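J.: Numbering (this note's numbering), first residue to last: 173 to 245. Quick one: the structure is below, and I'll ask about it shortly.
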Amino acid sequence: MPEKDTPGDEETQLAHERLLLFPALHQILGLTIWVERKLWLRDTGRKLKHLDQEIHSGQNELSAEILERFGEE
173 MPEKDTPGDE ETQLAHERLL LFPALHQILG LTIWVERKLW LRDTGRKLKH
223 LDQEIHSGQN ELSAEILERF GEE
């Protein structure tokens, strides 16, 4: 006749499953962040440089507001 699982065995099994699940979730999160950065932040530096040049040229509606708020830096 098979032995019955005791409550301690069940708790131990749940603890082991959690220990195995945590690294897997950590890897999935890391992969998700990497994919997002590759897809959506690809040209961020170039875009920010372009925006900075546009604002400082005075040819943009935001230029006056930004100069008013932050002054010449």
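Glycine is no exception: its CB is placed at the ideal position from the N, C-alpha and C atoms. The model shown is predicted, which means the values in this text are computed figures rather than measured ones.
Quick check on DSSP: helix, strand or coil for LEU213?
T.: Here LEU213 sits in coil by DSSP.
J.: Do you know how far the Cα of GLY230 is from the Cα of ALA236?
T.: Going by the C-alpha atoms only, they are around 7 Å apart.
J.: Which of the three DSSP states is assigned to GLN231 in this structure?
T.: The answer is coil: DSSP assigns GLN231 none of H, G, I, E or B.
J.: Cα separation between MET173 and GLY180?
T.: Because MET173 sits at a pLDDT of 45, beneath the cut-off of 50, its placement in the model cannot be relied upon, and the following sentence gives the value as read from the coordinates. Approximately 20 Å between the Cα atoms of the pair.
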